[in-house]
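Chains as they are written, first to last, in our numbering: chain A, 237 to 553; chain B, 10 to 435. We treat Cβ as the ideally placed atom computed from N, Cα and C, and that holds for glycine. As the structure is a prediction and not an experimental result, all values here were calculated from the model. Heads up: the structure comes next, in structure tokens.
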Amino acid sequence: MGLPSRVHARDARAATAPARRTVSRAARLEEAQKYLFVLPALALFATFVLLPLVSALYYSFTVWDGLRVPEWVGWRNYLRAWNDSVHVRSYLNVGVYIAGTLVVEVAFGLLMAVLLASGRRVFGFLRGLFFSPMVLSMVAAGLLWTYVYDYRRGLLNEGLRAVGLEQWAHPWLSDGATAMLAVIVVSGWKYAGFYMIIFLAALRRIPVTLYEAAMLDGATPLQRLWHITLPLLRETGIVAVLLCVTGGFAAFDLFFTMTNGGPFNATEIPTTWIVKQAFDRHNMGYGAALTIVMTVVVGVVSLVYLLATRRRHAVEY
Amino acid sequence: MRVTLTSHLRRAVSALAATLLIGAVGAQEPVEISVAHTMTGGAHRVVFDEIIEAFHEAYPNIRIRQIPQDMEIYQDTGLIAMLQSNDPPDIWFQWGGDLVRRDAELGFALDLTDYLAEDGWGDTFLDASWSEGTGTMVGDRIYMMPYVFDVTTVLWYNTAIFDEYGLSEPATWDDFLDIVRTLRAAGVTPIILGNQQFWPLGNWAGHITARVVGMDLFDKALSLEEPFNQPAFEEAFERFAELAEAQAFNRDLAGLGASESMTAFFQGAGAMHPIGSWLISNAFSEAPEGFEYDAFNTPIIPGGAGDPQSIIGLATGFEVSTRSEHVDEAITFLRFFTSFDNQVAWAEAGRFSPIEGAMAAADIDVHNKALAELFLDASELVPPPDTGYPVEIADIFYQGAALVAGGLRSPAEALAWIDEQLALVR
């Protein structure tokens, strides 16, 4: 019995070996095909993301004006960045900007979403109105608001003068004390509608039955907001804050059109300082070093934030 | 017969060859010369186009291809990208001074000295064209053919406001301060300027500083051979402190753009406006009907070590590529462009031509004529820091001056700040 079975086993092996080889080859081919399909995307990613990133890393260790042969200077650009008071200040400024936009964009967007989450037609109109600045480009919005803030003919100061508050008329964008606030207001005007839409979408997913049950238990509107709405919007809030923070670091166009980092670096943020160094002053090497620093800072901030807000007690509904 | 046949054959072959040769010559592609510049509009661009059209008629085998770019893009990345490319322009626009030195040093710009010496072409230019001060030369070699002279700062003033308060052009700095105080007391903004980008005030600050400390020290400090924080510069920066104390500037000085401030000047928002010769062409299109204005040079600063009659200005012009395969054709075009008649037309379009006699022969605005005289009468030409020296150094100097003029720092503090910033650059 043993022999025939061994024979059978050998036969079976002999019979299945080519089949397995065939299967294995087919599997490998299928595996290779997957990579083949990914290859174009990978090539594009390598060309337009990885390669510039690696080259930026290389240039960050050089002094280069875009024309001369880059000169390797080791860590000098990074030391300079550390000692560059404007560069350090630009992070403080962007921190203030992000804190401001968290209030005027995310918090205000949330408030508007809660207030306007109704099926009535007039609320739909108000939502549309509130969202409408989003269709404008940031540059157009910046230029538009520059005219609003203009010291002599601006809508704001003219309005103040018209109601007898001439002493309140102010060079909003030319005073270091008010310039950042002025930019934050515009940012809020532009993006609060965007966050409102995000929160509205999340609000619509909350089952009405939860509110009905709470009402039966005698919960007030504020209690319903605090115990039902806000906890169930937590995940959306986390994403909104992350978008706002990373978007804040990437801000450029609004600052470029409204203040260009001025007055006297009061609204200088990392991106405007990088552009000034790399393109206005032709310090490509130093500009690349500042870019790497910013990439690391944004990466670390995002990572810390995501770790800190990891889903621990996510509510399933 | 054999001889006759052979000669017929020879003639026929010769005729055929000649026909083919003529055909080949006739069909030859014209040589293309690319010219990169920043003329994106305005009367001077119209004249430039007309000159090119006339050139095409005069030289049918040479075609000019223009590469116009917005000034800021050209300055920041445009020209650098073109010079680094495999096909750089044959001719390009450049600002005299540091950039010409750079282009010569890196081998981008052709040495034009010998070309300008041919047939006395160089002699048709004003003498002022050929100096390191105007920024066309490096050592004793010429690398840029100038086509415009610019006075980068004079004090333009609204004559109606001056007349209203019985003011006249000041001779000295103290006279100037008196005017500022009179206007401020009357509730008029004495000087309106937009200094968001630092160069508008910075250019003027450069001139004032050169007047006080002298060109030698000015040059050494901007070349990083001397510190800024020293008594001579403190004396110069005291002038900006005086302006701040007298509330000479508009309240939105630090945040206003250069062109917006010029518009505000035309609208009567301030009595004086320190800016360059380009105000004249802007006045044509922007100033309201009946707006009258005039200009004076920075007043004499008593006790200054610099030339009291100096002006601040520079030449801009064309460079020719060392990599051009058609240098002769490029030179032919430049000679055509700088011919007397074309330069008269150029001057009439509002440009200050460097060709001898062109400004006098041109039917031009009285202001243009006055500035041309100011330029020609000046005993010294101070280069604007941002074209005469590396822009990074100039930018820091400009910001230091702006801090004092804005009343945010004392002269000593601002100068110490400048040296701190420059230490990072070194």
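Residue i vs residue j beta-carbon contact at 8 Å
i: S388/B; j: Q318/B; result: yes
i: L526/A; j: I510/A; result: yes
i: D466/B; j: I42/B; result: Within the shown structure, residues of chain B are numbered from 10 to 435, placing residue 466/B beyond reach of any answer.
i: L338/A; j: L352/A; result: no
i: Q78/B; j: A52/B; result: no
i: S333/A; j: I434/A; result: It is worth fixing the name first, because residue 333/A is Tyr in this sequence and not Ser. The answer is no: Cβ separation not under 8 Å.
i: F384/B; j: P394/B; result: no
i: W182/B; j: R111/B; result: no
i: N259/B; j: G279/B; result: yes
i: V329/B; j: L119/B; result: yes
i: T508/A; j: F488/A; result: yes
i: P155/B; j: S138/B; result: yes
i: Y295/A; j: G473/A; result: no
i: A379/B; j: A304/B; result: yes
i: S286/B; j: V160/B; result: yes
i: F293/B; j: I201/B; result: no
i: F327/B; j: W101/B; result: yes
i: Q103/B; j: T325/B; result: yes
i: P179/B; j: P308/B; result: yes
i: Y385/A; j: A335/A; result: no
i: A63/B; j: A253/B; result: no
i: E341/A; j: G400/A; result: no
Three-state secondary structure assigned by DSSP to residue i
i: G415/B; result: coil
i: M10/B; result: Note that M10/B scores a pLDDT of 39, beneath 50, so its modelled location is shaky and nothing firm can be said.
i: W445/B; result: Residue 445/B lies beyond the range of chain B shown here (10 to 435); nothing can be said about it.
i: I288/A; result: For clarity, residue 288/A is Pro in the given sequence; the question names Ile instead. Helix at P288/A.
i: P394/B; result: helix
i: R546/A; result: coil
i: Q1/B; result: Past the edges of chain B, shown from 10 to 435, lies residue 1/B, and the structure says nothing about it.
i: G326/B; result: strand
i: A126/B; result: helix
i: E307/A; result: strand
i: N298/A; result: Looking at the sequence shown, residue 298/A is not Asn but Thr. It is a strand residue.
i: A118/B; result: strand
i: F488/A; result: coil
i: I89/B; result: helix
i: M224/B; result: helix
i: I505/A; result: coil
i: F237/B; result: coil
i: W570/A; result: Given that chain A is displayed from residue 237 to residue 553, the structure contains no residue 570/A and the question cannot be resolved.
i: F359/A; result: helix
i: F102/B; result: strand
i: I217/B; result: helix
i: L452/A; result: helix
For residue j and residue i, believed in contact at Cβ under 8 Å, the rounded distance
i: M153/B; j: G116/B; result: Not quite, the Cβ-Cβ distance comes to about 15 Å (not below 8 Å), so this is no contact.
i: G315/B; j: G144/B; result: Going by Cβ atoms, the distance from G315/B to G144/B rounds to 18 Å, so no, they are not a contact pair.
i: L417/B; j: W426/B; result: In fact, because the Cβ distance is near 10 Å, the residues do not count as touching under 8 Å.
i: F158/B; j: F361/B; result: 4 Å
i: T382/A; j: T283/A; result: Contact flag wrong, Cβ pair sits at about 37 Å.
i: I402/B; j: L233/B; result: 7 Å
i: P420/B; j: F246/B; result: 3 Å
i: A410/B; j: A250/B; result: At roughly 10 Å, the Cβ-Cβ gap does not stay under 8 Å, so A410/B and A250/B are not in contact.
i: A428/A; j: L469/A; result: Rounded, the Cβ-Cβ distance is 16 Å, inconsistent with contact.
i: P499/A; j: G412/A; result: 5 Å
i: I340/B; j: Y124/B; result: 5 Å
i: R617/A; j: L323/B; result: Limits of chain A in this structure are 237 at one end and 553 at the other, which puts residue 617/A out of reach.
i: G523/A; j: I89/B; result: Not a contact, Cβ separation roughly 13 Å.
Any alpha helix (DSSP H) of 4 or more consecutive residues that is wholly inside the segment 29 to 82 of chain B: 52 to 67
Residues from the segment 381 to 403 of chain B in contact with chain A, defined by Cβ distance under 7 Å: V400, E401
Ordered list of alpha helix (DSSP H) runs contained in the segment 129 to 205 of chain B, each at least 4 residues: 168 to 173, 182 to 194
Segments of 3+ residues assigned as beta strand (DSSP E) that fall wholly inside the segment 241 to 311 of chain B: 281 to 284, 302 to 305
Interface positions of the segment 397 to 413 of chain A facing chain B (Cβ-Cβ less than 9 Å), listed along the chain: H406, P407, W408, L409, S410, D411, G412
Under 9 Å (Cβ pairs) to chain A, residues found in the segment 258 to 279 of chain B: N259, R260, D261, L262, A263, G264, L265, G266, E269, A273, Q276, A278
Interfacial residues, the segment 301 to 325 of chain A to chain B, with Cβ spacing under 7 Å: G302, L303, R304, R316, N319, D320
Residues from the segment 476 to 506 of chain A in contact with chain B, defined by Cβ distance under 8 Å: T495, N496, G498, P499, F500
Residues of the segment 63 to 82 of chain B whose Cβ lies closer than 8 Å to any Cβ of chain A, in chain order: none
Under 9 Å (Cβ pairs) to chain A, residues found in the segment 181 to 215 of chain B: N204, Q205, Q206, F207
Proximal residues, the segment 92 to 103 of chain B versus chain A, C-beta separation under 8 Å: L92, Q93
Against chain B: residues of the segment 441 to 475 of chain A by CB proximity under 8 Å: none
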